[in-house]
Amino acid sequence: MTSPIPPFSRDYAMSQVPETTDPLSGLEKIERSFPPVGLMDAVEIRGGKECSIYGEVNMFDDEEILQIHKIIEEKEIGRHVSAGISENGKHVIQQQGTRGCTAAVAAMLIMDHGKQPEILELISRDLGTEQDTIRDIKNAGLEHILHAVADFEKLKPLLDDHGSAIVTIEDKMLGSHEVVVDEITGESVRLRDPYHGWEITVTLKAFTERFVPFDPKVAAELKAIADRPHRFKRPNLDSEFGNVIQIKGPSS
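Quick note: to get our numbering, add 249 to the position in the sequence shown (first position is 1).
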């Protein structure tokens, strides 16, 4: 059974965040970067501009963000695709389409482990699955670890044992989304969100409200749908099932 989350205190949460960046005052409006229109995005014209039909959302609200971690170095890894390195030594890559998160989270972990991601996957992925992420890792010559995490409390020990992890969250506007979780400390979670292309620390409450636990019943139902014969192709289901993905071996 999941332990009850203690009442949220922003002051206490901010006191638990490592002092790598000046914490946000809570008064300023946060500016965000949004994914470019991807090669496979469904688009519409708004105000004379080509836009994704899925629009733009804020993955975490301003008041839920405790820190935005600085990018201290940036390098081009493909045409019009760059990877930043944060003050925490982590690679930060923005997804290259509105629904291209699975390729971007895989690319970040792959680069953490000293390998290069496939740029074509980054610029063409649309609504990928868990199996797409695993394939990206294997194609980079790395080995993945898959955990069925039904309880948020079990996530921190996995980070302690194997490092950063790809975790599924649920956004009320965007739906299922993948992020890389780097650290859980006190009342805060440090993560890399490919949607906005940044590394941030958010309140524990904000993250646990979005965390998607493994549900064996849902996993079985979605697998049954995917395994049925389909006239054209296997459906591209939202099939993460709450699994957590890590990579074996040391990272940067």
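Idealized CB from N, CA, C, for every residue including glycine. None of these values were measured; they are calculated from a predicted model.
Suppose contacts are defined by Cβ-Cβ distances below 8 Å. Is E370 in contact with D385 by that definition? Counting from 1 along the sequence shown, the entry for residue 370 is found at position 121. Counting from 1 along the sequence shown, the entry for residue 385 is found at position 136. Cβ atoms of E370 and D385: closer than 8 Å.
In the DSSP assignment, find the unbroken beta strand (DSSP E) run with Q316 in it and report its ends. Position 67 of the sequence shown, counted from the first residue, corresponds to residue 316. First-last of the beta strand (DSSP E) with Q316: I314 to I317.
With distance defined between alpha-carbon atoms, name the residue in G446, D464 and I418 nearest to A399. Against the sequence shown, residue 399 aligns to sequence position 150. The shortest C-alpha separation from A399 is found at D464.
Out of curiosity, what's the CA-to-CA distance linking K319 and L376? As a working note, residue 319 is residue 70 in the sequence shown. As a working note, residue 376 is residue 127 in the sequence shown. Cα-Cα distance, rounded: 29 Å.
Are the beta-carbon atoms of E453 and E436 separated by less than 8 Å? Here the question's residue 453 lines up with position 204 in the sequence shown. Here the question's residue 436 lines up with position 187 in the sequence shown. Checking the sequence, you will find Leu at residue 453 rather than Glu. Cβ atoms of L453 and E436: closer than 8 Å.
How is the beta strand (DSSP E) around R441 delimited, first residue to last? The residue labelled residue 441 in the question sits at position 192 within the sequence shown. Run containing R441: S437 to D442, per the beta strand (DSSP E) assignment.
Alpha carbon to alpha carbon, what distance is there between A353 and W447? For the purposes of this step, residue 447 is taken as the residue at position 198 of the sequence shown. For the purposes of this step, residue 353 is taken as the residue at position 104 of the sequence shown. Approximately 12 Å, taken between the alpha carbons.
Suppose you measure from the CA of I334 to the CA of I294; what does that come to, to the nearest Å? To locate residue 334, count along the sequence shown from 1; it is residue 85. To locate residue 294, count along the sequence shown from 1; it is residue 45. For I334 and I294, the distance between alpha carbons rounds to 34 Å.
Where DSSP assigns a beta bridge to A332, which residues make up the other side? Taking the sequence shown and counting its residues from 1, the one referred to as residue 332 is at position 83. Partner(s): K324.
Residues in the same chain with beta-carbon distance under 8 Å from F283, minus the five sequence neighbours each way, listed in chain order, please. Against the sequence shown, residue 283 aligns to sequence position 34. Around F283: E305, Y444 and H445.
Kindly indicate the opening and closing residues of the beta strand (DSSP E) around Q495. Start at 1 with the first residue of the sequence shown, and residue 495 comes out as number 246. Element bounds for Q495: N492 to I496.
Residue span of the alpha helix (DSSP H) that contains D311, given as start and end: Taking the first residue of the sequence shown as 1, we reach residue 311 at position 62. Premise fails: D311 is in no alpha helix (DSSP H) and is neither H nor E.
For A414 and L408, the rounded distance between their alpha carbons: Translated into the one-based positions of the sequence shown, residue 408 becomes position 159. Translated into the one-based positions of the sequence shown, residue 414 becomes position 165. Looking at the two C-alpha atoms, the distance is approximately 7 Å.
Relative to the C-alpha of M308, which candidate in S331, E280 and G412 has its C-alpha closest? Position 59 of the sequence shown holds residue 308. Comparing Cα-Cα distances from M308 to each of S331, E280 and G412, the minimum goes to E280.
Across which residues does DSSP place E427 in a beta bridge pair? As a first step, residue 427 must be located in the sequence shown, where it is residue number 178. Its beta-bridge partners are T417.
State buried or exposed for H329, treating a residue as buried only when at least 16 other CB atoms are found within 10 Å of its CB. Locating residue 329 in the sequence shown gives position 80, where the first residue counts as 1. Result: exposed.
Going by DSSP in three states, A399 sits in which element: helix, strand or coil? Residue numbering aside, residue 399 sits at position 150 when the sequence shown is read from its first letter. Correct three-state label for A399: coil.
Using the Cβ count rule (16 or more neighbours within 10 Å means buried), how would you classify L404? Here residue 404 corresponds to residue number 155 of the sequence shown, with the count starting at 1. With 16 or more other Cβ atoms within 10 Å, it is buried.
Answer with buried or exposed for K278, where buried requires no fewer than 16 other C-beta atoms within 10 angstroms of its C-beta. Numbered from its first residue, the sequence shown carries residue 278 at position 29. Per the 10 Å Cβ criterion, exposed.
8 Å contact criterion, which E427 and R459 should meet: CB distance rounded: On the sequence shown, residue 427 is found 178 positions in, with the first residue counted as 1. On the sequence shown, residue 459 is found 210 positions in, with the first residue counted as 1. Contact doesn't hold; Cβ gap of about 12 Å is too wide.
Other residues of its chain near G327: CB distance less than 6 Å, five sequence neighbours each side excluded: Residue numbering aside, residue 327 sits at position 78 when the sequence shown is read from its first letter. Correct list, in chain order: I368.
Drop a sphere of 10 angstroms on the beta-carbon of K324, count the other beta-carbons inside from all chains shown, and report buried for 16 or more, exposed for fewer. As a position in the sequence shown, residue 324 is number 75, starting the count at 1. Label assigned to K324: exposed.
K387 lies in the alpha helix (DSSP H); which residues open and close that run? Translated into the one-based positions of the sequence shown, residue 387 becomes position 138. Here the alpha helix (DSSP H) through K387 covers E379 to N388.
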